[in-house]
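Numbering follows this note's numbering, with no gaps: position 321 of the sequence shown is 321.
In this text, a Cβ means the ideal position worked out from N, Cα and C, and glycines have one as well.
Everything numeric in this text was worked out from a predicted model, so none of it was measured.
Below: one structure, written as C-alpha cells.
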Amino acid sequence: MRSTDPAGDRARGHGRGNQAMTGLRLRGRDREIVAIREALEAVRGGRGACVVVEGAPGVGKSRLLAELDEMARRFGFDVVSVRADELDQYAAGAALQSALQSSDGSHRSAAPTDDQRLWLLDSITDALEDRAQRAPVAVVVDDAQWADPATLFALRTLPARMAASRILWVLAVRSETERPTVARVREDLERLGARWLTLGPLPQQELQHIAADVLGARPSPGLARLLRGVAGNPFLAIELVRSLADTDAVKVDAGVAGLLHDGIPVGFRLSVAARLERLPQDAVHLLQIGSVLGREFDLGTAARMLGRQVGSLLSGIEAALNAGLLSADGPRLAFRHDLLRQAVHENLPLAVRTALHREAADSLRGTGARSAEVAWHVVMSGGPVDDDAVTTLHTAVRELSSTAPDAAADFAQRVAGLLPPHDRRRITLLTDAAEYLGRTRRVHEALDLVDATLSDALEPPQEASLRLVAAEIHQAAGDDAAAMTHLQQALDLPALPPDLRVRLLKTKATGHVYLGDITAAEQTDTGLVEASYRSNDPAIVVSAMVFQSQTFFYRGRLARALELAEQATRRAGTESVVLYLRPPRIPALWLATVLTATDRLADTERILREGQREAEALGLGWSLPHWHASRACALLEQGALDDAAVEAEASLTVADELEITQPNPQARSVLALVEIRRGDLAKANGHLRAAEAGSGTNPQRYGLWVSLARASLADAEGRDATATAALTGSFGDREPTRLLAVPPSHWPAIVRIALRGEDPSVAQAVSGALRSLTAQDNSQQIIGAVRAHVDGLLHSDPHALASAITGYRSAGRPLALAAACEDLGELLAASADTAPAIPYFEEAGELSSASGALRDHERIRRRLRQLGVRTGALRHHPTGPPEWGNLTESERKLIPLVVDGLTNRAIADRLFVSVHTVNTHMKHIFTKLGINTRVELTRLAIERGGVADGAD
Numbered sequence: 001m002r003s004t005d006p007a008g009d010r011a012r013g014h015g016r017g018n019q020a021m022t023g024l025r026l027r028g029r030d031r032e033i034v035a036i037r038e039a040l041e042a043v044r045g046g047r048g049a050c051v052v053v054e055g056a057p058g059v060g061k062s063r064l065l066a067e068l069d070e071m072a073r074r075f076g077f078d079v080v081s082v083r084a085d086e087l088d089q090y091a092a093g094a095a096l097q098s099a100l101q102s103s104d105g106s107h108r109s110a111a112p113t114d115d116q117r118l119w120l121l122d123s124i125t126d127a128l129e130d131r132a133q134r135a136p137v138a139v140v141v142d143d144a145q146w147a148d149p150a151t152l153f154a155l156r157t158l159p160a161r162m163a164a165s166r167i168l169w170v171l172a173v174r175s176e177t178e179r180p181t182v183a184r185v186r187e188d189l190e191r192l193g194a195r196w197l198t199l200g201p202l203p204q205q206e207l208q209h210i211a212a213d214v215l216g217a218r219p220s221p222g223l224a225r226l227l228r229g230v231a232g233n234p235f236l237a238i239e240l241v242r243s244l245a246d247t248d249a250v251k252v253d254a255g256v257a258g259l260l261h262d263g264i265p266v267g268f269r270l271s272v273a274a275r276l277e278r279l280p281q282d283a284v285h286l287l288q289i290g291s292v293l294g295r296e297f298d299l300g301t302a303a304r305m306l307g308r309q310v311g312s313l314l315s316g317i318e319a320a321l322n323a324g325l326l327s328a329d330g331p332r333l334a335f336r337h338d339l340l341r342q343a344v345h346e347n348l349p350l351a352v353r354t355a356l357h358r359e360a361a362d363s364l365r366g367t368g369a370r371s372a373e374v375a376w377h378v379v380m381s382g383g384p385v386d387d388d389a390v391t392t393l394h395t396a397v398r399e400l401s402s403t404a405p406d407a408a409a410d411f412a413q414r415v416a417g418l419l420p421p422h423d424r425r426r427i428t429l430l431t432d433a434a435e436y437l438g439r440t441r442r443v444h445e446a447l448d449l450v451d452a453t454l455s456d457a458l459e460p461p462q463e464a465s466l467r468l469v470a471a472e473i474h475q476a477a478g479d480d481a482a483a484m485t486h487l488q489q490a491l492d493l494p495a496l497p498p499d500l501r502v503r504l505l506k507t508k509a510t511g512h513v514y515l516g517d518i519t520a521a522e523q524t525d526t527g528l529v530e531a532s533y534r535s536n537d538p539a540i541v542v543s544a545m546v547f548q549s550q551t552f553f554y555r556g557r558l559a560r561a562l563e564l565a566e567q568a569t570r571r572a573g574t575e576s577v578v579l580y581l582r583p584p585r586i587p588a589l590w591l592a593t594v595l596t597a598t599d600r601l602a603d604t605e606r607i608l609r610e611g612q613r614e615a616e617a618l619g620l621g622w623s624l625p626h627w628h629a630s631r632a633c634a635l636l637e638q639g640a641l642d643d644a645a646v647e648a649e650a651s652l653t654v655a656d657e658l659e660i661t662q663p664n665p666q667a668r669s670v671l672a673l674v675e676i677r678r679g680d681l682a683k684a685n686g687h688l689r690a691a692e693a694g695s696g697t698n699p700q701r702y703g704l705w706v707s708l709a710r711a712s713l714a715d716a717e718g719r720d721a722t723a724t725a726a727l728t729g730s731f732g733d734r735e736p737t738r739l740l741a742v743p744p745s746h747w748p749a750i751v752r753i754a755l756r757g758e759d760p761s762v763a764q765a766v767s768g769a770l771r772s773l774t775a776q777d778n779s780q781q782i783i784g785a786v787r788a789h790v791d792g793l794l795h796s797d798p799h800a801l802a803s804a805i806t807g808y809r810s811a812g813r814p815l816a817l818a819a820a821c822e823d824l825g826e827l828l829a830a831s832a833d834t835a836p837a838i839p840y841f842e843e844a845g846e847l848s849s850a851s852g853a854l855r856d857h858e859r860i861r862r863r864l865r866q867l868g869v870r871t872g873a874l875r876h877h878p879t880g881p882p883e884w885g886n887l888t889e890s891e892r893k894l895i896p897l898v899v900d901g902l903t904n905r906a907i908a909d910r911l912f913v914s915v916h917t918v919n920t921h922m923k924h925i926f927t928k929l930g931i932n933t934r935v936e937l938t939r940l941a942i943e944r945g946g947v948a949d950g951a952d
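In C-alpha cells:
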C-alpha cells in the first residue's frame, strides 16, 4: 500500500499514479462533484462526514478522488492519501497510520503485545485530532478493496468515534469485491449514514467528449461507433483512443478525428496484447514479470527473476515508459492503471502465472521482503508449499493477528487449505485461527472451527492445545461450564508436555474461582502454586500470587488477600512481561477488587487510573473494558453515579470497537443500578436485558451482578416477590464467597429487598455470611459497619443502625451512609415521636442529592413531607432537557479545555483519565446541549461567557 505525504503530493500533483486521466477534464460526473462539494462544506462547518465511491475498474473512481483532492486543498483541507495494492491484503500494520506518521514526523511506538487494535485506533485518532485542530482533514483511501486489514479496521471504527471532528473520510472501492473485511466496512459505514456515490457507465456523448479531449478534435461517426465497445468505461475509452493515435490509425481533418482503418481490436486484453507485440522483447518480458510482482514492483526483483542485470533492461524500461504502460514516479516502477497489469497478467497462461508466483515468493523470501508480500505470491501459486513457504505464511498470519485478528484467522484457514489434511502444521494454523476468531465477534465460527478440527484424528498435544483455546474462548464469553468440559477432556489425554499441562491446570483452577467453587480451585492446585513460585518466568510467579489472593479473598481472609495482591502488583511493576497477563490475573485489576471490599476504597481510584492509563499507553486494548468496568464499580461504591455511568459506557464502547463478543455484563449491571437510583426504570430495564443476554451461564463472575440489578429493578417497580426470587439462588449461601462478588454497600440492600419480599432466608444467609467473614477476618471497619447495618434491618435494632452510621461516616461510601440513615429514620418514624427521625431523613436526602440519586431523593422528600417537613428540589440531575445547567461536574471540567483547543488525548492527559472516558463525556455533552461538533461547543461556551466555571 502506498501512503502519500500531503506536501509531497502537492509537489508531484495528486500522486495517485492514474496519469491516464489526469490533465483531462472530468466528464459526466457533475452530480458526484456536487455531492463531494457538499461533504467538504459540511466538514468545514465542523462536522465529520463520510463518502464512499463505488464502481467497476476503470470507471473513474481514482479520477474523481483526484478532483476531490484538488478541491479539498483549495478549501484549505489537510489531505491524507493512501492507495492500496493487491499485495496489501495480508499486510500487518496500517498504511493509514504510516501516512499520518510520515507526513508529520510523529511516531507512537506500539508495545509488543498480541493485540494492538486499540493502540492502533488511538494512535490514528490522536494524529487526526491533532491535524483537525489546525485545519479540516480529508482522509482519502483509494482501491480500499485491497487495503491492509488494520486500515480497514480503522475505517470501520473511526468515522463513528470521530464524528464530531472536522474529518472527511473518502473511500474508493470496486463494486464487485467479495473480500469479507471490505464487506464489513461497507456495512458499518452504511449504518453510519455515509454518502454513497456509485459510478456507472458514462453516456455515449460523454465518451465522445473524452475522445475529443484526448485527440483535440471531434470524433468521427466511425470512431464514435468504436467507442461503444468500451461499455461506458472512461479509462478504456482513453486507452482505446490513445492506442489509435499511437499507431497513426486516426487522422484529424477539419476538426474531426476519423479512423484510417478498422483493424483496432475492441477487447481491452487483446488491445493491450497488441500493444505488447509492438514493444521490444525486453519490455514485454519486464511487463510480464512486473504483472506477477504487483501493480508497483521492484526493478531489482524483476531483474533477478529474468536472470538479468538491471542495466541490461534499460532499453526495455524506456520502451514500456514511452508506451504509457508503466510510470516511474516513485522508487518503484508501477503500471499506470491496475487494469493494464491485470490484462498483461491474465494474458499469461495459467501454468506460467502460477510458476512465476512461486518463483517470485522464493526470490522475495531470499531478499528478506515483508512476509505479507511473500505470502500473497505463495497463495497465488496455489500450492504445494514447502517448509520455508509454510514458515513464511505462518509468520505473516501471526504478524497480521495483532492488528486484524479476523483477517489473520481467514488467512490462516486459507493457508491451511494448501496443506494435506493430516499435516501437523495445518492443525497448528487452524488452532491459531480459532484463537484469533475468539478475539472478535465471530466466536461461534471459532467454536465451529474447533469442533470441525477435533473431528480429525489429532495427536494428544494438538488436541489439548486446541481444547485450551476453546476453553479460553468459552471463559471469555462467560460459559465456564463448557470451558471446564474442554479442560478436563484435555487433561485426560496422555503424554502431554509439562508446560501445556501446567497451562491447562492454571486455566482450570481459574475456572473454579469463576464458578465460585474455591474448594475445587484449591484442590486443583496440588503443588501448582509452589511450582509456580520456583519458575524463572515472572508472569507465572505473579499469576500464582494473584490466584492465592483470590482463594484467600473468597474464603473471607481479606487482609491476607490484600497482602498478596499488593505483592503481585509491586512485582508486576518491575517486570514488563507481566503487563500482558489476561484479566482477571492482571494484578492491579485484582488489587482494586480487593480494595473495594476493604477500608482502603479511596486507593482504588489511584490504582485503577494508573493501571488503566498504562494499559492504554501500551496498547493493551483487550484489558481496557475490564479497567473501565472496575472503575465503574468502584465509583458506584463511592456514590459517584455520573462518573460510574461514564466508565461503564466507556467499557462497552471499547469492547464494541474491539468487537469483543461478550462485553462485561458487570458494566451493564452498573448502568442498570445507576439508572434505578436516578429513577429512569425504562433505561435500567434496557441495560438489564443486555446484561442478562451477556452473562452466559456463570453465577459467580457475572451472574451475581446481574441478579443484584434484576432484584433492584423489580424492587423499584414494587414487584417484591420477583425481587426476592432474583436473590434466592444467588445470595442464599451462608459462606462469604458469593457475597464478596459485589461490593459491601450492596449487601444491606440485598437484606432489605429480601425482608420486603417476606423471605427472611436470604437475609439470614447474608447475616450468616457476614458472621463467617468477620470470624475469618475482623480487620476491616467497613465489614463491621455493614454487619451492624444488616443486623439493624434483621432485628429492627436502632442501636445497630446507629453503629452502622458511625462506621460509614469515615468509609467514603455516601450511598451506604444514606441508606443506613434512611433505614434508621424509618425505624424511628414508626414511634409516637417522629422528630428524632427527621435529621436522619434530611441527611439521607442530602447525600442522595449530592450523588445524583433522583429516585432516592424523591422518595425521601415524600417521606419528609409526610412528617410535615418541606424540602428543596434535587440540586443536580444529569438527565432531562438539553440545557447547559444539566451538565455534570466532570463534563464541565472538559469544556474550557475544548475551548482552549485541546484534543481529547490532551484533555485526558491534563485530567489524568483515560481518553475513552473523555470520549464518553464528550458524547454526553453533545447530547445534552443538542449539538454535534466541538466547533458548536466552543461557540456556545464563548457566547455563554462562563467557560472558566467549568474548571471550578
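Check: Per DSSP, the bridge partner or partners of Ala49; Outcome: Leu168
Check: Reduced DSSP category for Glu758 - H, G, I as helix; E, B as strand; rest coil; Outcome: coil
Check: Short Cβ contact (9 Å threshold) for Val706 with Glu692; Outcome: yes
Check: Beta carbon of Pro743 nearer than 9 Å to that of Thr596; Outcome: yes
Check: Uninterrupted alpha helix (DSSP H) stretches inside the region 492–553 (no shorter than 4 residues); Outcome: 498–514, 518–525 and 528–533
Check: 8 Å contact criterion, which Leu847 and Leu817 should meet: CB distance rounded; Outcome: 6 Å
Check: Residues near Ala361 by beta carbon distance below 6 Å, same chain, minus five either side; Outcome: Val374, His377 and Val378
Check: His444 burial status per 10 Å Cβ neighbour count (16 or more: buried); Outcome: exposed
Check: Beta-carbon proximity list for Arg910, same chain, < 8 Å, skipping 5 on both sides; Outcome: Leu897 and Leu902
Check: Buried/exposed call for Gln89, threshold 16 Cβ in 10 Å; Outcome: buried
Check: CB of Ala163 within 9 Å of CB of Asp78, strictly; Outcome: no
Check: Buried versus exposed call for Thr367 [16 or more other C-beta atoms within 10 Å across all chains shown]; Outcome: exposed
Check: Alpha-carbon to alpha-carbon, His746 and His512; Outcome: 24 Å
Check: Helix, strand or coil at Glu575 according to DSSP, with G and I counted as helix; Outcome: coil
Check: Arg439 in three-state terms, based on DSSP; Outcome: coil
Check: Where Asp148 falls: helix, strand or coil (DSSP); Outcome: coil
Check: With 16 other Cβ atoms within 10 Å as the buried cut-off, status of Asn322; Outcome: exposed
Check: Three-state class that DSSP yields for Arg156 in the structure shown; Outcome: helix
Check: When Leu515, Ala147, Val43 and Ala35 are compared against Glu86, the one with the closest alpha-carbon; Outcome: Ala147
Check: Residues that DSSP places opposite Asp599 in a beta bridge; Outcome: DSSP output for Asp599 lists no bridge partner at all.
Check: Glu38, buried or exposed, once every other Cβ within 10 Å from all chains shown has been counted against 16; Outcome: exposed
Check: Where Gly845 falls: helix, strand or coil (DSSP); Outcome: helix
Check: Option nearest Gly825 by Cα separation, candidates Ala811, Tyr808 and Glu843; Outcome: Glu843
Check: Coil, strand or helix - Asp142 by DSSP; Outcome: strand
Check: Alpha-carbon to alpha-carbon, Met922 and Thr933; Outcome: 9 Å
Check: Where Leu100 sits in the DSSP three-state scheme; Outcome: helix
Check: Ala749 vs Ser712 beta-carbon contact at 9 Å; Outcome: yes
Check: Burial state of Ile942 (16 or more Cβ within 10 Å); Outcome: exposed
Check: Local Cβ density within 10 Å of Arg166, reported as buried at 16 or more and exposed below that; Outcome: buried
Check: Touching by the beta-carbon criterion (3+ pairs, under 8 Å), the region 155–162 and the region 189–200; Outcome: yes
Check: Beta-carbon proximity check, Gly478 vs Pro665, cutoff 9 Å; Outcome: yes
Check: Reduced DSSP secondary structure (H/G/I, E/B, other) of Phe75; Outcome: coil
Check: Local conformation of Ala712 per DSSP, three classes; Outcome: Rather than Ala, the amino acid found at residue 712 in this sequence is Ser. Helix, per DSSP.
Check: Start and end residues, alpha helix (DSSP H) containing Trp376; Outcome: Ser371 to Ser381
Check: Straight-line gap, Val762 to Ala709 (C-alpha atoms, nearest Å); Outcome: 16 Å
Check: Same chain, Cβ closer than 8 Å to Gln475, five either side skipped, listed in chain order; Outcome: Ala483, Thr507, Thr510, Gly511 and Tyr514
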